[in-house]
Amino acid sequence: MKKLRALLLLAALAAPAALLLHAPVARADEAAAAAPVAFTQGMADAIAAQKVGLDTIWVMIAAFLVFFMNLGFALVESGFCRAKNTVNILFKNFVVFAISSLAFLVIGYGLMFGDGNPLFGTSGLLFASGADNSPAVGDAYQGVYHALNWTGVPLWAKFFFQLVFAGTAATIVSGAVAERIKFKSFIVFTLFLVGVVYPVGGHLIWGGGWLASKGFLDFAGSTVVHSIGGWAALAGILVLGPRLGKYGPGKQINVIPGHNMTSAAIGVFVLWFGWFGFNPGSTMAADGASIAHIATTTNVAAAAGTVSSMLAAWIFLKKPDFGITLNGCLAGLVAITAGCAFVSVLSSLVIGLVAGVLVVAAVVFFDKIRVDDPVGATAVHLANGVFGTIALGLFADPTVAPCAAVAKPGLFLGGGMAQLGPQLLGVGVVAVAVFTLSLAAWYVTKLVTGGIRVTAEEELEGLDVGEHGNSAYPEFQIRSGGAFGGTAAHGAEPVAVAVGKTTPAY
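Letter by letter, the sequence shown follows residues 10 to 515 in the numbering used here.
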């Protein structure tokens, strides 16, 4: 018992001693944990470099998606046109980006984004070689491309992203003038369009030009890309004239169906996918909230355009036309492009629904005034580019995160004409400027190339043979007068029939 009391006494005395021995260590650990870490300039530089890297990766991935859209345009245009012109259309869509790349590098980028006057850039014109200390932004930027000093990515990331947009504008023209334009004439016009017309129109808006100073907004290009491409296409259609057999006496309109709806459908899927680089990529920064919002408004408008165009065709044409529905999807995408960052998701639904109906009305309207557009480029890109630009002025919502402190409230949100006014002004100015420049470019092209239209014989035979000497479908040949000696659908219109050994259909 005495031993037990002695042990308890010893334990009681040892416990405080142990606490005293360990207390300084605990306090030292706590003090070390609580001490502030010095934030050095090196740490700040590392974080800034990391942000530049992430922003650049996002911008380049988005640009690659937009580049991939060239495949979509090629598939849509070739599918909506006749088999005898497939090689010609694919060739144009392939070479147009190569020509655009060179023209935009040589002079287009400088004209569009170089410092200069309110109409066009005058600094750093050739080969994007002007002074530039990107990725510096704001007041830290020192160079001759101040219009893009808001995005903190390197110069060549800025250049490449803008290049793929320029190529898209040129591709829009390709489909509108298909099946009757000389190949060399299209190449020459592309040089004028991407080297001069597109950059001048773009400088007014994205290059810090006159319209930008008036408060005009176009986030991703309903006007800069699609309307400019559409006005250039309309000018070309008027200079070229319609395809042989498209219009008859009086008000007669002959349908010339495309040859491959499978190709067209795949092409629209590719374009829909690529638009998630086109619109969200225009943030030119890895801003998660903005990217998510823009992707959602883009998708909702595309879906709404698809459904409303299908229903409109069903009601007015008595059947749900697949070709019109495909163009309805594209119409929704074009219309939301200007305001995707400035409108709510609900507003994007309304914009898409209207765009889908508008594209049907525009196709009918252009046919009635004998504007022959084989793929509906004017109805999709011009009509809905204009509508989308105006819609921004109707639905702009300053409470939308990407839009904060940029757009004024739209007409339907109580802003009156504050934002709608500049949008209407911009639509009119771009229409006059781009159409006039494009018309001049077409006539210069006509003079340089000795005419821009193929002969009637080449058009009837098909541009694949007449312009390129080969065919996309060598197992078929062209026969005039119908496959079985009857009359072709459009008078002298030839038809393709299978020849030689073919695979049986199951």
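Think of the CB as a built atom: it goes at the ideal place given N, C-alpha and C, for glycine as much as any other residue.
Note that the structure is predicted; figures quoted are calculated from it, not measured.
Indicate the three-state DSSP secondary structure (helix, strand or coil) for residue i in the structure shown.
i, result
"Ile461", "coil"
"Ile66", "helix"
"Asp124", "coil"
"Gly259", "coil"
"Ile190", "strand"
"Gly152", "strand"
"Asp330", "coil"
"Gly211", "helix"
"Asp382", "coil"
"Gly475", "helix"
"Gly81", "helix"
"Asp296", "coil"
"Gly245", "helix"
"Asp406", "coil"
"Gly8", "Absent from the model: residue 8. The displayed extent of the chain is 10 to 515, so no value can be given."
"Val415", "coil"
"Ala312", "helix"
"Ile399", "helix"
"Cys349", "coil"
"Tyr522", "Residue 522 cannot be examined here, being either before or after the span of the chain that is shown, 10 to 515."
"Asp526", "With the chain covering only 10 through 515, there is no way to say anything about residue 526."
"Asn158", "coil"
"Gly119", "helix"
Where does residue i land, buried or exposed, given buried means 16+ other C-beta within 10 angstroms?
i, result
"Tyr452", "exposed"
"Gly564", "For residue 564 there is no data in the structure shown, the boundaries of the chain being 10 and 515."
"Val205", "buried"
"Ala370", "exposed"
"Asp148", "exposed"
"Leu84", "buried"
"Glu466", "exposed"
"Ala364", "buried"
"Trp159", "exposed"
"Ile360", "buried"
"Gln171", "buried"
"Phe168", "buried"
"Phe375", "buried"
"Phe136", "exposed"
"Lys327", "exposed"
"Gln432", "buried"
"Ser138", "exposed"
"Gly230", "buried"
"Asp54", "exposed"
Taking 7 Å as the cut-off, decide whether the C-beta atoms of residue i and residue j are in contact.
i, j, result
"Cys338", "Thr315", "yes"
"Gly385", "His235", "no"
"Val368", "Asn336", "yes"
"Arg189", "Arg379", "no"
"Leu80", "Val279", "yes"
"Gly239", "His477", "no"
"Ala516", "Val105", "Residue 516 cannot be examined here, being either before or after the span of the chain that is shown, 10 to 515."
"Ala241", "Val203", "no"
"Val96", "Gly123", "no"
"Asp226", "Leu220", "Asp is not the amino acid found at residue 226; the sequence shown has Leu there. The answer is no: Cβ separation not under 7 Å."
"Ala71", "Gly290", "yes"
"Val75", "Gly283", "yes"
"Gly88", "Gly341", "no"
"Ala322", "Pro329", "yes"
"Val366", "Thr398", "no"
"Val372", "Ala388", "yes"
"Val439", "Gly210", "yes"
"Ile116", "Leu134", "yes"
"Cys516", "Pro383", "Nothing in the structure corresponds to residue 516, since the chain is present only between 10 and 515."
"Leu448", "Ala244", "yes"
"Gly130", "Leu114", "no"
"Asn94", "Gly471", "yes"
"Val197", "Thr458", "yes"
"Lys255", "Asp141", "no"
Quick check on the DSSP output: the alpha helix (DSSP H) that includes residue i runs from which residue to which?
i, result
"Gln428", "Run containing Gln428: none; DSSP gives neither H nor E here."
"Ala357", "Residue identity differs from the one stated: residue 357 is Ser in this sequence, not Ala. Counting along the chain, the alpha helix (DSSP H) containing Ser357 begins and ends at 354-377."
"Trp284", "270-287"
"Trp165", "164-185"
"Ser143", "Looking at the DSSP string, Ser143 is not in any alpha helix (DSSP H), and its letter there is neither H nor E."
"Thr95", "95-112"
"Ala221", "219-222"
Under 7 Å between C-beta atoms, does residue i make it to chain C?
i, result
"Val153", "Chain labels in this structure do not include chain C; a single protein chain is all it has."
| request: Could you say if the region 52-70 and the region 437-444 meet the contact criterion of at least three C-beta pairs nearer than 8 Å? | output: no
| So, do the region 396-410 and the region 422-436 have three or more beta carbon pairs nearer to each other than 8 Å? | yes
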